[in-house]
Structures are given as C-alpha cells and as structure tokens.
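In our numbering, the protein residues as written are 30 to 122.
From the three backbone atoms N, C-alpha and C, an ideal C-beta is built for every residue, glycine too.
Read the structure below first, then the notes.
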C-alpha cells in the first residue's frame, strides 16, 4: 500500500463497513475509507451542472440574447465561444 513505508503487517475491517485499518512495518496505523459512492455522487452532480449550463448557453444563443450568453461564456471560460458571440453581436447588432 502506498500509505506505508514497507510492508503491511495487519488489516482490520470495521464492523460497520466504514473502512479498514492497516498496520505497517513503518510502525504506523492508517485508516482507509471507501469513498466510491461519494465520488460517484459528486461526479454526477458535476456532469448535471455542466449539461445544464451549456444547454442554457445554447438556448441564449438561439434566442439571440447575446449579452447574457456572453456573460455565461466568460463564466464558463470558453474563449472561442466568447469570441464568436462578440463577432455575432458586433456584426449583427
């Protein structure tokens, strides 16, 4: 295991499945917690927010609401999209 310098000598699993402890050759005890579910929930929330904001940007562009679209494109750090919105806004006001 990367948490120990040397070999792991003991592993003890928690009775409530909260995680497990390891004891190593380096005289340290480490606790490990399974965060798979938490990470999956965070990733799902991030994907949902990404889709939502990009859909909002597309809707603003279709509705020719260039000022709001420009603000959102800058907020999303999309330089190419920002440039294209500025071109559209300046060429066809």
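- If you compare the alpha carbons of 51, 121 and 71 with that of residue 43, the shortest gap goes to 51.
- In this structure, residue 53 keeps its C-beta atom at 8 Å or more from the C-beta atom of residue 62.
- A contact between stretches requires three or more CB pairs, one per stretch, nearer than 8 Å, and the segment 109-121 meets this requirement with the segment 84-97.
- The beta-carbon separation of residue 87 and residue 101, rounded to 10 Å, does not stay under the 8 Å limit for a contact.
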